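Here the structure comes first, spelled out in structure tokens, and everything after it is commentary.
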Amino acid sequence: MPTFAFLSLCAVPFLWVFLRAICSLIFDKNYFGADPGMELVTFFGQAAIVFLFMTLSFSHLGRPAKNLAVPRMRRILGLSVFFYATLHLVSYLIFLAGLEFEKYYHDLLTKQRIILGSLAYFFLFLLAATSIDSAARNLGRAWVYLHRSVYLIAGLVVFHVFLSAKENFSFAVFLLCAYLALLGLGLSKAWRRSKSRTPIFKA
0 MPTFAFLSLC AVPFLWVFLR AICSLIFDKN YFGADPGMEL VTFFGQAAIV FLFMTLSFSH
60 LGRPAKNLAV PRMRRILGLS VFFYATLHLV SYLIFLAGLE FEKYYHDLLT KQRIILGSLA
120 YFFLFLLAAT SIDSAARNLG RAWVYLHRSV YLIAGLVVFH VFLSAKENFS FAVFLLCAYL
180 ALLGLGLSKA WRRSKSRTPI FKA
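Going by numbering that gives the first Met the number 0, 139 is the number at position 140 of the sequence shown; the sequence numbering is gapless.
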């Protein structure tokens, strides 16, 4: 798939929100529900989660990955995760915290879901900042270990969703099952790789 086409697909959630905002201004009508701020926070958060789990899934496509340019697509997906996570955070700061950073600081100290979400965003920032080829060359093996923290990020996100859910936990349970499946695949791949490197006969 051409890069521009794939980027366009990743931009669909943002364009959908942008279109609804334009329609709200033109027709003077609310297209964001009873609580627009909460809807935006939730929507951008869910978009980030979808792209995060798509990124994890792309890691398990195996050898066809190079032929299908999956590494390049996976980088685009990873940056999309950071983009929508940033919109999720900004929406929270604007609509729920009212741009009062003291409130965010208070929530960061007292609410576990905010702590987990902020930790996940911090690691996402590190991954986004080191996503360029020069960073991979300069960091060497450290770059590999850093980008494996995507599993840690996904785990933090799953618990963030559980703690944010009030009544309906179906989405959180689905994420947990998907996370455990992907984590199992990742551990299995790592085990097979380490086993193949172990010499049969030791001197």
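Glycine is no exception: its CB is placed at the ideal position from the N, C-alpha and C atoms.
Quantities reported herein were computed from a predicted structural model and do not represent experimental measurements.
V11 counts as exposed, since fewer than 16 other beta carbons sit within 10 angstroms of its beta carbon. Apart from the 5 residues on each side of it in sequence, A46 sits with its Cβ closer than 7 Å to the Cβ of P12 and Y83 in its chain, given in chain order. Runs of the alpha helix (DSSP H) lying entirely within the segment 89-151 and spanning at least 4 residues, in chain order: 100-109, 111-128, 132-138 and 140-146. Nearest neighbour of V160 by Cα position, chosen from V143, R112, W142 and R136, turns out to be R112. A buried status is given to H87, since no fewer than 16 other beta-carbon atoms sit within 10 Å of its beta-carbon. Between F42 and the set V89, N137 and M72, the nearest pair of CA atoms involves V89. Linking W142 to F121 through their CA atoms gives a straight-line distance of about 16 Å.
Selection K28, L108 and G116 evaluated against I152 yields G116 as nearest (Cα-Cα).
Around the beta carbon of L76, 16 or more other beta carbons sit within 10 angstroms, so the residue counts as buried.
L95 and G32 have their C-alpha atoms spaced approximately 15 Å apart. Annotated three-state conformation of E166 is coil, per DSSP.
Per DSSP, the unbroken alpha helix (DSSP H) holding A20 starts and ends at V11 to F26. If you draw a straight line from the Cα of M53 to the Cα of G36, it comes to about 26 Å. It is roughly 43 Å from the alpha-carbon of F100 to the alpha-carbon of S187. Taking V157 as the centre and dropping the five residues before and after it, the same chain places the C-beta of A171, L174, L175 and Y178 closer than 8 Å to its C-beta, in chain order. In this model, F26 and L51 are separated by some 35 Å (Cα to Cα).
Between L126 and H146 the beta-carbon gap is near 6 Å, inside 8 Å, which marks them as a contact.
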